[in-house]
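Residue numbers (this note's numbering), protein chains in the order written: chain A, 4 to 168; chain B, 4 to 168; chain C, 8 to 461; chain D, 8 to 461.
The beta-carbon is built from N, C-alpha and C at its ideal position, and this holds for glycine as well.
Remarks on the structure that follows.
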Amino acid sequence: MAEQPSWQDVLDLIAQLNESDYESASVQVGDVSIRLSKSDAGFDMPEAAGRVGAQPRIETGFDTPMASATQPTTGAAAAAPAAALGDTIDAPMIGVFYRRPSPGAAPFVEPGQRVEADTTIGIIEIMKLMNPIVAGKAGVITDFLVTDADPVEFGQPLATINTSA
Amino acid sequence: MAEQPSWQDVLDLIAQLNESDYESASVQVGDVSIRLSKSDAGFDMPEAAGRVGAQPRIETGFDTPMASATQPTTGAAAAAPAAALGDTIDAPMIGVFYRRPSPGAAPFVEPGQRVEADTTIGIIEIMKLMNPIVAGKAGVITDFLVTDADPVEFGQPLATINTSA
Amino acid sequence: MTDAPVILVANRGEIAMRIIAAARRIGASPVLAASVADKDSPAARAADRVIVIGASPANQSYLKPEQVAQAAVMAGAAAVHPGYGFLSEQPALCELLEEEGIAWVGPRPETLRAVGDKGSARQVAIDAGVPVGAGVEIDDPTIVVALGDQIGYPLLIKAIHGGGGRGIRLVTNPEELVELAPQAAAEAVAAFGNGALYLERYYGRARHVEVQVFGDGEGNAWIFGDRDCSVQRRHQKLIEECPAPGLSEKRRQLLHDSSRALVKVLRYRGAGTVEFLVDTESEDVIFLEVNARIQVEHPVTEEAFGVDLVAAQLLLALGRDPQLPDVGPVPPAAVIEMRINAEDPNADFQPNSGDITRLVWPKGPGIRIDTQIEEGYRFPPFYDSLMAKLIVRAHNRDAAVAAATAAVRNVTIDGLKTTLPMHAYVLAHPDFIAGGIPTSWFGPVWEARKESLT
Amino acid sequence: MTDAPVILVANRGEIAMRIIAAARRIGASPVLAASVADKDSPAARAADRVIVIGASPANQSYLKPEQVAQAAVMAGAAAVHPGYGFLSEQPALCELLEEEGIAWVGPRPETLRAVGDKGSARQVAIDAGVPVGAGVEIDDPTIVVALGDQIGYPLLIKAIHGGGGRGIRLVTNPEELVELAPQAAAEAVAAFGNGALYLERYYGRARHVEVQVFGDGEGNAWIFGDRDCSVQRRHQKLIEECPAPGLSEKRRQLLHDSSRALVKVLRYRGAGTVEFLVDTESEDVIFLEVNARIQVEHPVTEEAFGVDLVAAQLLLALGRDPQLPDVGPVPPAAVIEMRINAEDPNADFQPNSGDITRLVWPKGPGIRIDTQIEEGYRFPPFYDSLMAKLIVRAHNRDAAVAAATAAVRNVTIDGLKTTLPMHAYVLAHPDFIAGGIPTSWFGPVWEARKESLT
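In structure tokens:
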């Protein structure tokens, strides 16, 4: 859990949000929660609460899953959010992820290596069917998030990739 | 838990939010929660809807009915907020409220009149039993909130009283 | 909906929710008379309107007839449903409402009086030909054998002027009686200044079985089977079931016929319960009392027979057909109710209150939950500890016990101590599974469990 | 709980909730195989674990056997429950699981194949001595009287090579047949290049009645009564009830015996439904098909007989006793289910999706709600429009209709258009109240209502 914001932080944040274009905002850090709305639509949903609970960090809620909206909220200045954290390459299907074409062989790619959109980075086996997985975007693989031969779900991040490198 | 905001902090925040564009706002820090709405629509959450709907304006909630919480609880500097808003004299029982001892008679008291704690300000009739109602505190009655012969519920404000006058 | 009759709900908690649901079923408008503590409760939200009648303690709100009556007048109520407890069996509220032309959802005030007192209730039962407990005063403590035979053994010698359990002796045969009666008389003289004694039949292993009745107010009765409520701790029911297991046809008929006779004698109006003591060591069946109201455990009967007793109460009070079927003596299903109380069964059932932080109910066929609690609800300290009733129905008793066991396992209530562990224990106990345990069963069994754990 | 068998729930919505509840009842651990759209759904929260199997559209997730099988492997599942729809009657998933040693909650793959095709199902029925619809090919359109008599009237002349309703003529007597058959042959030649004709019995006012079976896989059957599902719009069931009203004892026995014979012939395993057409203008009863899965409307049977069919399915799949009772042909209660769909009945039942802003369910005895929706739930556009099933039980059909009417009136679903107004209309309609309407009833009645409103 992040350090608690000071009262001044809260005031600053509200001032900042007020200058923003957000229709509504919801911020929760530990015990501190702030919700603002410029329209009546405001905060309808128990769901929203659910999500905040489920996702540990800070979330400014705009009614639907908001992924990237999250980051700069608390921070004062805070630059380039999404790219800084790194894009991910996500599993296009459920199955078992292999980084090598066969046991004992060298991995398709290693962290630090540059890939193109069509570079194979691994294989997903689903019920004995092997499916090559390509990077889908050009960049430098920064890390693998899944161990060789681990099961993965659909949409699960397999690796991080720096697309601006 | 973050440090509790002082009462002054809360007032400042409310002032700030009041100047903002938000239709509605909700801030919670530890036990302190502030909810503001410029329209009745306010907050949709079941609970809040109940409270905000019933009491249109500003509400600083300390978890339970807030009445006394409002007082200087947190407060550092802060001068007598409650009194400024006006104390109320609340119905000590359910029944029909009468401002006069009998139909056609003059009211027990009129707005602007000074009362002592034991001054009778009206009668509540409950199932044909007449119960004199006393002010309960000394001050100047500023307004009656209930019309003569109106039914009142337990705890319903009958009149406002300025206790610092 | 504007001319829907208003039902004032003069109660709280799960029964308030239940009455509100019944009001909605019949197209009426429910208004809740609430204490300050309950003015934002789930029942308050479920009602069309809330009227705050008084402060949080029940003796300043729910127990004040004139405050409830005032709320009924203010609500423009066509009828007032008192639920159970509180003012439900008090003629006072009933009569205040009669004066205002507002219907009372319950029996007439004279019925409440007739059955509200042990002595007069016993007389009503005798008049109706219903078996009551044998008892007789001793004239001469040296001539007691005939009296003892008349009452049967075991029996109790009670000092008439004794009290609080003092001056009571258990006697199991005539020899003991002959020996102990003079001693008891002497001791009573010493202790209470009066040697008068009373003999009473003692049932140490009797069951609590009750019959659900519904009277049309003219002497006709619907009988909706029987319930066994023998899982009790200090006379507090913990688990109830319908039908009562293992009753012989003859006994069942005696219970039902007796109850029907009482309804007729009383010209009983609406829902009521006739409680009996059913001995497991003799063939005796003894009338205990009439509960002139809907009871906590009414859902087991509703689920077993497929009826809505609370809606029927409202309909009758509004002068309409209660829409109840004639049913057989044994329902086509077995139903068990577990009372989930905010009490710690491992700490002498001490009540507790506070926030319910997480709440998950089991789902599926045959499961019914009657409750007011929900996640985030602050269970108040002012009232009784009943949080919820978990009611489970199945095609026979074995299946119902299995279903109840699974249901209890799949309840999550975080934030408070509850009686759920006690239910899990009882439901798994061979005595309970066999059925027909007496009311004296639970206490020592639960104590023994506690000792086995330490 | 660590060695609780894992049940993979390969479905979504209300039936996923239902299977999760049944898994919990039997002490198993439910794991949900979900699409991305459903990964945070109420069913996902109710499960012990969620495995995301694919993208939101069903054909990229719920309809992919290998993805579901992979999830079952990853979950360490002991059994997979496919619900209804999706892969529930596909041998493909069933066989993939068999290879992995994971139990399939449903009939054997060969059973799925045998009843999955109209032609082979018809042959199975004939083998079992179950009445099927009469039909015969015409050799010579000028010699048709005997054929017509053999089939009975009214009948349809169908061009064998026609389709989409073209080339079909309704014939009500032999004279018409003699006149129309040659014309139809000539037209068929002109239209389809082939004059071959087929005669088939026509039932314009037949009911849809089905029988709930449960097979032990060895040829033995439990029969849990019948259901009437005749309130249909374009072959979509809207309201179902148990038992089917107004069936003669003889017809009921024919339906039940036929179903039992099918279970025996197929050595049917688990829950299934045998659908029949029951004519209202003749004594004919015609086999339609076997649904080799649990059905949407299974709750009416569960409530009527007091059983848990889904738990029984799971127990059987796990090799355990399904714990089902033997019951009589007619249940001791009447139950009605209303399908609440996210469709606008006043706009040609157009589906809609979006946020459910407010949701209030009726409460009280005999009311069961099977649903996944809750306040704040965003009803997704990807799947079918079933939001919830409102199931109401009472002691007889009249009481059930009244209870259903009250229950429908007391549902509030804001944010989406639903079929609730349609239910209110049907439940109040004298034809429905009388019982026994044919499947052709709803369409014109609803159209007429629309016209009467404009």
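Chain D beta carbons: is any one of them nearer than 8 Å to that of residue i?
i: A:Gly139; result: no
i: C:His430; result: no
i: A:Phe100; result: no
i: A:Phe111; result: no
i: A:Leu161; result: no
i: C:Asn417; result: yes
i: C:Pro339; result: yes
i: A:Ile164; result: no
Is residue i near residue j, with beta carbons less than 8 Å apart?
i: C:Leu94; j: C:Pro72; result: yes
i: D:His305; j: D:Thr446; result: no
i: D:Ala79; j: D:Leu119; result: no
i: C:Val292; j: C:Pro138; result: yes
i: C:Arg173; j: C:Glu288; result: no
i: A:Phe100; j: A:Ala109; result: no
i: C:Gly443; j: C:Pro252; result: yes
i: D:Val307; j: D:Arg234; result: yes
i: C:Leu322; j: C:Ile33; result: yes
i: C:Ile26; j: C:Gly113; result: no
i: C:Ala193; j: C:Gly200; result: no
i: B:Gly142; j: B:Asn165; result: yes
i: C:Arg456; j: C:Tyr432; result: yes
Considering only C-alpha positions, which residue in the set the options is nearest to residue i?
i: D:Glu217; options: D:Gly169, D:Val433, D:Tyr390, D:Ala299; result: D:Ala299
i: A:Gly125; options: A:Ala168, A:Val149, A:Asn165; result: A:Val149
i: C:Gly422; options: C:His402, C:Val342, C:Gly383, C:Glu344; result: C:Gly383
i: D:Leu269; options: D:Gly224, D:Arg241, D:Ile246, D:Leu284; result: D:Gly224
i: C:Ile109; options: C:Ala82, C:Arg52, C:Gln130, C:Asp328; result: C:Ala82
i: D:Ala135; options: D:Asp328, D:Val122, D:Lys370; result: D:Val122
i: C:Leu366; options: C:Ala354, C:Gln379, C:Ile374, C:Gly373; result: C:Gln379
Only counting the same chain, and skipping five residues up and downstream in sequence, which positions put a Cβ closer than 7 Å to that of residue i?
i: D:Pro338; result: Gly232, Cys249, Pro250, Ala311, Phe312
i: C:Tyr209; result: Pro161, Leu162, Leu163, Leu177
i: C:Gly373; result: Val399, Arg400, Ala401, Ala410
Please return the same chain residues whose Cβ sits closer than 8 Å to the Cβ of residue i, not counting the five positions on each side in sequence.
i: C:Glu350; result: Phe356, Gln357, Pro358, Asn359, Ser392, Lys424, Thr425, Thr426
i: C:Ala191; result: Pro148, Ile164, Ala166, Gly174, Arg176, Leu204
I'd like to know whether the C-beta of residue i is nearer than 8 Å to at least one C-beta of chain C.
i: D:Arg32; result: yes
i: D:Pro332; result: yes
i: D:Ala413; result: yes
i: D:Ala406; result: yes
Between residue i and chain B, is the shortest Cβ-Cβ distance under 8 Å, so that the two count as touching?
i: C:Leu103; result: yes
i: C:Glu144; result: no
i: C:Met81; result: yes
i: C:Ala78; result: yes
i: C:Val43; result: yes
Counting only beta-carbon atoms, is residue i nearer than 8 Å to chain A?
i: D:Glu73; result: yes
i: D:Val38; result: no
Take residue i and list the residues in its own chain whose beta-carbon comes closer than 6 Å to its own, dropping the five residues that flank it on each side.
i: D:Arg416; result: none
i: D:Arg19; result: Asp45
i: C:Lys271; result: Gly226
i: B:Thr76; result: Any reading at B:Thr76 needs caution, since the residue's pLDDT is 31, under 50, leaving its predicted position unreliable; the model's value is listed next. Here the set comprises nothing.
Using a threshold of 7 Å, is the CB atom of residue i nearer than that to any non-hydrogen atom of the ligand ATP?
i: C:Thr308; result: The ligand ATP is not among the ligands present in this structure, which contains no ligands whatsoever.
task: Residues of the segment 310 to 330 of chain D with a CB closer than 9 Å to any CB of chain C: list them in chain order, please.
output: Glu310, Phe312, Gly313, Val314, Asp315, Leu316, Val317, Ala318, Gln330
message: Along the segment 45 to 67 of chain C, where does the CB come closer than 8 Å to a CB of chain B? Name the residues.
response: Asp47, Arg52, Ile58, Val59, Ile60, Gly61, Ala62
message: Can you pull out the residues from the segment 351 to 374 of chain D whose beta carbon lies closer than 9 Å to at least one beta carbon of chain C?
response: Val367, Pro369, Lys370, Gly371, Pro372, Gly373, Ile374
field: Near-chain E residues of the segment 116 to 129 of chain A (beta-carbon distance less than 7 Å), N- to C-terminal order
entry: Given the protein chain composition of this structure (A, B, C and D), no chain E is represented.
message: Give me the subset of the segment 393 to 404 of chain C whose CB atoms are less than 7 Å from a CB atom of chain D, sorted by chain position.
response: Arg400, Ala401, His402, Asn403
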